[in-house]
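S.K.: Before we start, here is the structure in question, set down as structure tokens.
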Amino acid sequence: MKSPMSIGLAAASCLSMLAALFMVFAYVPTEAEQGIVQRIFYFHLPCAWVAFLSFGIVAVAGALYLWLGHKIWDDLSYAAAELGMLFCTLVLVTGSIWAKPIWGVWWTWDSRLTTTFILWLLYGAYLLLRAFADDTDEVARFAAVLGIAGVLDIPIIIVSVRLWRTIHPAVLLTRQGEHGLEDPRMVATLLVSLAAFTVLFVWLLWLRLGTLRLRARLAKLRKDLALLEIAGAHR
Amino acid sequence: MNHLGYLGAAYAIIFILIAFYVIVIGRRQARLEREVRRLESALRNKEPAPTAEGDAEGVSGRI
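Chains as they are written, first to last, in my numbering: chain A, 1 to 235; chain B, 1001 to 1063.
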């Protein structure tokens, strides 16, 4: 937590987040139709981006673990899954808060909402497996397969607003092939928020990998100590 | 259309959840560091003096 890398990433994360907040609340114009509540979008979409990025890393690292068998890939997969879950939860919660004043309901079984909820359930199952099963190679391999299978839901979420009848707006790419942000300041704010959340993700991933490295070191020390005690008893 | 409460709630939840996660990770890391230091010191106290061949492998490599 106190390494120069961690401090640097924390500082970069705080600064970029402050810049994003400044742009959301003081720079970007208010959207004409939805009013002030549309500003949720500038953090809602970056949360979705980071969730997709995390689950993408879970799948790639899981595949590398299945192929090469190195523990580092399993650790990366596990750490990314936890972060993906955090940001996927934020997507669902902020989306729900945004939906209430605009759609009049907290939740509806719309195609994008439903497929995102399925993604949340899939990686919830992944984390339950990691939390309650033993830390064995077999469990790690099973988790890797689950992580790879889960990521197949992401392309479905992305195209869901174009494939099915939906009330969720297609902001980044509309059915006409254009983006739905009418003002260049909206685009700039979204890009700064995306960058801020990406830096935050890298910092959190670094922290989480640090705890997994410590856990592995602890397991090795315990093993060493147990072996020393056995050796001492036989002397 | 004034929905300031919804906007505030959405942003508050984002920062509260992220801060909560950072605090949980920080506490977990501090606990693990303490445990690693304790075990390292226990190992140092139990380990026999290093031999002339050196001791690069660690205990599990030797036994």
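Every residue gets a Cβ at the ideal spot worked out from N, C-alpha and C, and that includes glycine.
Suppose you measure from the CA of Tyr-1006(B) to the CA of Ala-1012(B); what does that come to, to the nearest Å?
M.R.: If I take the Cα positions, the gap works out to 10 Å.
S.K.: Report the residues of the segment 97-114 of chain A with a CB closer than 7 Å to any CB of chain B, ordered along the chain.
M.R.: Answer set for the segment 97-114 of chain A: Ile-97, Trp-98, Lys-100, Pro-101.
S.K.: Nearest-angstrom Cα distance between Arg-112(A) and Arg-1038(B)?
M.R.: Going from the Cα of Arg-112(A) to the Cα of Arg-1038(B) covers about 50 Å.
S.K.: Can you check whether the CB of Ile-118(A) is closer than 8 Å to the CB of Asp-153(A)?
M.R.: Taking 8 Å as the Cβ cut-off, Asp-153(A) and Ile-118(A) qualify as a contacting pair.
S.K.: Hey, could you find the ends of the alpha helix (DSSP H) Tyr-27(A) is sitting in?
M.R.: Segment: none, Tyr-27(A) is in no alpha helix (DSSP H) and carries neither H nor E.
S.K.: Are the C-beta atoms of Arg-1028(B) and some chain A residue less than 8 Å apart?
M.R.: Yes, contact with chain A.
S.K.: Go ahead and label Arg-1044(B) buried or exposed: buried means 16 or more other beta carbons lie within 10 angstroms of its beta carbon, across all protein chains shown.
M.R.: Its Cβ having fewer than 16 others within 10 Å, Arg-1044(B) is exposed.
S.K.: Relative to the C-alpha of Ile-1016(B), which residue among Thr-89(A), Val-145(A), Trp-120(A) is closest?
M.R.: Minimum Cα distance to Ile-1016(B) is reached at Thr-89(A).
S.K.: Going by DSSP, name the residue or residues bridged to Gly-84(A).
M.R.: DSSP, once it has assigned bridges, lists no residue as partnering Gly-84(A).
S.K.: Looking at the strands, I want to know which residues DSSP matches up with Gly-245(A).
M.R.: For chain A, the structure presents residues 1 to 235; residue 245(A) sits outside this window and is missing.
S.K.: Nearest chain B C-beta to Leu-190(A) closer than 8 Å, yes or no?
M.R.: No, its Cβ sits nowhere closer than 8 Å to a Cβ of chain B.
S.K.: Applying the 10 Å Cβ sphere with the 16-neighbour rule, what's the burial state of Glu-1053(B)?
M.R.: Per-residue confidence for Glu-1053(B) stands at a pLDDT of 47, beneath the threshold of 50, marking its modelled position as unreliable; no derived number is given.
S.K.: Closer than 8 Å, CB to CB, is Asp-137(A) near chain B or not?
M.R.: No, because no Cβ of chain B sits closer than 8 Å to the Cβ of Asp-137(A).
S.K.: What are the residues in the segment 211-235 of chain A lying within 8 Å of chain B by C-beta distance?
M.R.: The segment 211-235 of chain A vs chain B, Cβ under 8 Å: Thr-211, Leu-214, Arg-215, Arg-217, Leu-218, Lys-220, Leu-221, Arg-222, Lys-223, Asp-224, Leu-225, Leu-227, Leu-228, Glu-229, Ile-230, Ala-231, Gly-232.
S.K.: Quick one: which chain B residues come within Cβ less than 9 Å of Arg-185(A)?
M.R.: Per Cβ cutoff of 9 Å: no residues; Arg-185(A) is ~18 Å from chain B at best.
S.K.: What number of angstroms, rounded off, separates the C-alpha of Trp-49(A) from the C-alpha of Leu-194(A)?
M.R.: Answer to the nearest angstrom: the Cα atoms are 8 Å apart.
S.K.: Can you pull out the residues from the segment 1031-1043 of chain B whose beta carbon lies closer than 8 Å to at least one beta carbon of chain A?
M.R.: Residues passing the 8 Å Cβ filter: Leu-1032, Glu-1033, Glu-1035, Val-1036, Leu-1039, Glu-1040, Ala-1042, Leu-1043.
S.K.: Chain B partners of Arg-39(A), CB-CB under 8 Å?
M.R.: Going along chain B in sequence order, the residues near Arg-39(A) (Cβ under 8 Å) are Leu-1007.
S.K.: Looking at Ser-54(A) and Ala-80(A), is the spacing between their C-beta atoms short of 8 Å?
M.R.: Their beta carbons are under 8 Å apart, which means Ala-80(A) touches Ser-54(A) by this criterion.
S.K.: If Arg-144(A) and Ser-77(A) are in contact, beta carbons under 8 Å, what's the gap, nearest whole angstrom?
M.R.: In the sequence on display, residue 144(A) carries Ala and not Arg. With a Cβ gap of about 6 Å, Ala-144(A) and Ser-77(A) count as contacting.
S.K.: Which value, in whole angstroms, describes the spacing of the CA atoms of Ile-1063(B) and Gly-69(A)?
M.R.: Because Ile-1063(B) sits at a pLDDT of 38, beneath the cut-off of 50, its placement in the model cannot be relied upon, and the following sentence gives the value as read from the coordinates. Spanning the two alpha carbons is a distance of roughly 25 Å.
S.K.: Based on Cα-Cα distance, which residue from Asn-1002(B), Leu-1004(B), Ala-1042(B) lies nearest to Asp-218(A)?
M.R.: As written in the sequence, residue 218(A) is Leu, which differs from the Asp given in the question. Looking at the Cα atoms, Ala-1042(B) is the closest of the given residues.
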